[in-house]
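In this note's numbering, the protein residues as written are 1 to 431.
Following: one structure in structure tokens, then a few remarks.
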């Protein structure tokens, strides 16, 4: 029998998933039990990413509906390029932002016509050529040399390409988990070179200067500061339009809306941001210019979960560990960013062995993966009321920068299952 008792302490790292997700974990566990090969002694332990496509659609539709007139929401595919997520988002968002030709191709397999922006600091010639072949809407140009290369390739193909100049502003930028502008980085064209870049584009008939791109900060949790950042972008572009007598179509203000992993109940205040955006966009209107945002993490993070079964409990040098089926080779973000990934425990009654079941109560322990490295940690020094071998740890906020940024094949462990909850297809799908 399966037990729905998931009682545990209410520490900051505890995140209660919706009942529909918990029910899905029970269904996965029951299916593993029912589908055991009668010729094999063992049962496959639970290890799966679970994507709630219904919630993804609902949340994204709500965000798009909030946007002021003349503004657009694109999805940054780098956060999660899963084709099922792209397919779910394609009818809702205004387009997709990509940073490789692989991402462009993944989108085109789903939708041959949807708008695509192609960016990234190290574009290869073949990528630029193929992006043009795939009829991308815009290409972000990251340097003077890249401008020349795009023009040269466009000339060989007898095409005209619309570009946005990505600019690294020389201004104080709000801080986030990752900062890409307002300081020396490999991203964009230094603001002091903007005049040179504009003049170069204007001299090249194969290129159209469609506007500017600024993405200076990632995972910013302060909505009011983000409003001020976008305001700074708008004022900078307004100045360049006047100074260089430009007529442009787009300002791409990037993404950067934050997700708080250490305090799951703390959110980027979307309403504060939207109210501020309405105000500054009405106040600082750029004639004929449309404003693009390209969030990734903020769109998909809460739509994903990672379920991992407890394989063993042990104590070493007076420190307790739970060993999980899975780990950082599936979900690298927690160790990369140095946080405890939010989770909840799902208690399972079923016990497959004739001997005693290891369990702990009122214990502080570390959730470790199955890899042969002490760095394979998903959460450390977390206190639980109870945990037993065979229980399942359900990690939340696992929809972004999880599976695809991880070292999948280290030690050649089996990959996790991919489960999609989708009312459009009448239930769930497992891959």
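For each residue, glycine too, the CB sits at the ideal point set by N, CA and C.
Just so you know, the alpha carbons of residue 201 and residue 160 end up roughly 12 Å apart. Scanning the stretch 140-219 for uninterrupted alpha helix (DSSP H) segments of 4 residues or longer gives 144-156 and 194-202, listed from N- to C-terminal end. Between residue 306 and residue 410, the gap from beta carbon to beta carbon reaches 8 Å or more.
Collapsing the DSSP output to three states places residue 397 in coil.
Straight-line measurement puts the Cα of residue 45 at about 50 Å from the Cα of residue 290. In the displayed model, residue 50 falls within a strand according to three-state DSSP. A residue is called buried once 16 or more other Cβ atoms fall within 10 Å of its Cβ, and residue 259 is buried on that count. Judged by their CB atoms, residue 348 and residue 29 are nearer to each other than the 8 Å cut-off. Note on residue 279: under 16 other CB atoms within 10 angstroms of its CB, so exposed under the neighbour-count rule. Under the three-state reduction of DSSP output, residue 366 falls in the strand class. Here the alpha carbons of residue 216 and residue 86 stand approximately 25 Å from one another.
From the listed residues 346, 194, 248 and 189, the smallest Cα separation to residue 210 is found for 248. DSSP places residue 102 within a helical segment (H, G or I) once states are collapsed to three. Checking the DSSP bridge columns, you'll see residue 308 partnered with 47 and 393.
For residue 382, the pairing in a beta bridge is given by DSSP as 365. Considering only 208, 199 and 190, the residue with the shortest C-alpha distance to residue 214 is 190. Closest option to residue 195, judged by alpha-carbon separation, among 207, 98, 74 and 144: 144. Distance check between residue 405 and each of 281, 328 and 53 places 328 closest, using alpha-carbon atoms only. One Cα belongs to residue 288, the other to residue 246, and the distance between them is close to 11 Å. In the three-state reduction of the DSSP assignment, residue 341 falls in the coil class, being assigned neither a helical nor a strand state. Spanning the alpha carbons of residue 254 and residue 96 requires a straight line of approximately 12 Å.
When the five nearest sequence neighbours on each side are left out, the beta carbons in the same chain lying within less than 6 Å of the beta carbon of residue 75 are those of 89, 93, 96 and 299, in order along the chain. Per DSSP, residue 302 is not a residue of any alpha helix (DSSP H), being assigned neither H nor E. Remark: C-beta atoms of residue 366 and residue 380 approach each other more closely than 8 Å.
When secondary structure is reduced to three states using DSSP, residue 221 falls in the coil class, being assigned neither helix nor strand. For residue 358, the closest of 332, 390 and 374 by C-alpha to C-alpha distance is 390. Residue 77 sits away from residue 55, with the two beta carbons spaced by 8 Å or more.
The C-alpha of residue 132 is placed about 10 Å away from the C-alpha of residue 126. For residue 119, the closest C-alpha among the options 158, 100, 407 and 297 is that of 100. Assignment of beta-bridge partners to residue 97 by DSSP yields 76 and 117. When the Cα atoms are used, residue 397 and residue 61 turn out to be separated by approximately 19 Å.
If you check the CB distance, residue 117 and residue 137 come in under 8 Å.
8 Å or more divides the Cβ of residue 43 from the Cβ of residue 312. Nearest Cα to residue 261 within the set 273, 270, 297 and 375: 297. Between residue 233 and residue 198, the CB-CB gap reaches or exceeds 8 Å. In terms of Cβ geometry, residue 304 and residue 399 form a close pair [threshold 8 Å].
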